Amino acid sequence: MITKHDLHELGTNLSQDIKQSELLLQAKMSENKAQMVRWVVGVGMLQITLITALLLRLLPG
Numbered sequence: 148m149i150t151k152h153d154l155h156e157l158g159t160n161l162s163q164d165i166k167q168s169e170l171l172l173q174a175k176m177s178e179n180k181a182q183m184v185r186w187v188v189g190v191g192m193l194q195i196t197l198i199t200a201l202l203l204r205l206l207p208g
């Protein structure tokens, strides 16, 4: 038979598990955000380089 104390303990354990999961998720999201910024900057630089190369190739001289 489950008592009120057992239910309270279970609820407390679940709350702790949820809090730990939230903290882990926030850390992973921060890491992914940093990686996304690196990718966007890298792709932007590549795009600028390609456009510059094409323009230099098309210009006479």
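Every position in the sequence shown, counted from 1, becomes a number in the working numbering once 147 is added. Note that beta-carbon positions come from the ideal geometry of N, C-alpha and C, so glycine has one too. Keep in mind it's a predicted model, so treat the numbers as computed, not measured.
Is it the case that the CB of residue i approaches a heavy atom of the ligand NAD more closely than 7 Å?
i       : result
Asn-160 : Of the ligands one can find in the structure shown there are none, so the ligand NAD has no counterpart to examine.
Starting from the C-beta of residue i, find all residues in its chain whose C-beta is less than 8 Å away, skip the five residues before and the five after it, and write them out in chain order.
i       : result
Lys-166 : none
His-256 : There is simply no residue 256 to check, as the chain begins at 148 and stops at 208 in what is shown.
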